[in-house]
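Q: There's a structure below that I have some questions on.
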């Protein structure tokens, strides 16, 4: 199968491309680092017309809260208008479309009690979250589609942001890691499991399409527990700077992942501690 991947050189794209190719699929990368921009409809249309992919996997995005806050217009142009371009091209050439969303950023969490299922409507809680939520609505205008709402991702190539990467980055630079709050919970998912979920979705039977799936772990872990695991596995003995919880962080976030298990046959294979140990070993940070 030939798959066009927007954002192929990003954190999720790199791991997913590797897995897709290992499973015999051909990947056509469409990434800003290679001069390909989803904001350019004509360019995207030309590549799809020439390559004739069997699937489009849309990963490209302004993916950090801080980057979206710093430049809301760029976030709008990329995450909303860029996604509209992807949808237009998928419609024009009748290509099934898979879109990755971000569970904790697009759900109105205060209105519901966890674990959160896929019936919760997308309604962003930040600049970034709002743009990703709008993307979901445009993707639903095209059929067939699949939307994967991802939990909190971690892996060795996620740099400088997020609880785990932020901790490790500051630790390696000789700075005290910052713990915002600590009692808030999240559903963590290792990047290798995310890539496998995407593979399963792209190759799923058509009766599994036109659906939204939560992709995460059934584990609900506090950020404080996550920091303790990192300290233990790395042997970190320094101080941790504790600050108030950020407003973009939900007090509780836990996924109901039963639908993905039932329909896509996907279940996270790494527990949090197993994924973290694998990640730290790859980074040569395991004690």
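In our numbering, the protein residues as written are 21 to 307.
Every residue, glycine too, gets a C-beta built ideally from N, C-alpha and C.
Only a predicted model underlies this, so the values are computations on that prediction, with no experimental measurement involved.
In angstroms with no decimal places, state the Cα-to-Cα distance between residue 252 and residue 306.
A: So the alpha carbons of these two residues sit roughly 9 Å apart.
Q: Is it the case that the Cβ atoms of residue 308 and residue 237 are separated by a distance below 8 Å?
A: Only positions 21 to 307 of the chain appear in this structure, which leaves residue 308 out of reach.
Q: Counting C-beta neighbours from all protein chains within 10 Å, is the total for residue 210 16 or more, i.e. buried, or is it exposed?
A: It counts as buried.
Q: For a quick check, are the C-beta atoms of residue 244 and residue 292 less than 8 Å apart?
A: No, these two residues do not count as a Cβ contact at 8 Å.
Q: Take every Cβ of the segment 56 to 65, pair it with every Cβ of the segment 161 to 175, and state whether three or more of those distances are shorter than 8 Å.
A: Short answer: they don't touch.
Q: Could you compute how far the alpha carbon of residue 69 sits from the alpha carbon of residue 281?
A: The alpha-carbon atoms of residue 69 and residue 281 are separated by roughly 35 Å.
Q: Round the Cβ separation of residue 24 and residue 58 to the nearest angstrom and send it over; I've been treating them as touching at under 8 Å.
A: In fact, because the Cβ distance is near 11 Å, the residues do not count as touching under 8 Å.
Q: Buried or exposed for residue 226, please, with buried defined as at least 16 other CB atoms from any protein chain shown within 10 angstroms of its CB.
A: Exposed, because fewer than 16 other Cβ atoms sit within 10 Å of the Cβ of residue 226.
Q: What whole-angstrom Cβ distance do residue 98 and residue 215 have, given they're in contact under 8 Å?
A: Between residue 215 and residue 98 the Cβ distance is about 22 Å, and since that is not below 8 Å, they are no contact.
Q: Restricting to Cα atoms, I'd like to know which of 260, 84, 105, 167 is closest to residue 198.
A: Here the closest residue by C-alpha is 260.
Q: Under DSSP, the alpha helix (DSSP H) around residue 216 begins and ends at which residues?
A: 211 to 222 is the extent of the alpha helix (DSSP H) around residue 216.
Q: So within the segment 96 to 166, which uninterrupted beta strand (DSSP E) runs reach at least 3 residues, ignoring any that extend past its ends?
A: List check, beta strand (DSSP E) in window: 117 to 122.
Q: Looking at the strands, I want to know which residues DSSP matches up with residue 63.
A: Paired residues: none, contrary to the question.
Q: Going by C-alpha to C-alpha distance, which of 53, 300, 32 sits closest to residue 192?
A: Among 53, 300, 32, the Cα nearest to that of residue 192 belongs to 300.
Q: So, at 6 Å on beta carbons, what are the nonlocal neighbours of residue 149 in its own chain, with the 5 sequence-adjacent residues on each side left out?
A: 125, 126, listed in sequence order.
Q: Going straight from the alpha carbon of residue 174 to that of residue 113, what length do you get?
A: Cα-Cα distance, rounded: 34 Å.
Q: What does DSSP give as the partner residues of residue 76 in its beta bridges?
A: Residue 76 is bridged to 24, 117.
Q: Quick check: what's the CA-CA separation for residue 176 versus residue 34?
A: If I take the Cα positions, the gap works out to 12 Å.
Q: Among residues of its own chain, excluding the 5 on either side of residue 183, which ones have a beta-carbon nearer than 7 Å to its beta-carbon?
A: The residues are 243, 246.
Q: Whole angstroms are fine: how far does the CA of residue 213 sit from the CA of residue 289?
A: Rounded to the nearest angstrom, the two C-alpha atoms are 7 Å apart.
Q: Where DSSP assigns a beta bridge to residue 43, which residues make up the other side?
A: DSSP lists no partner for residue 43.
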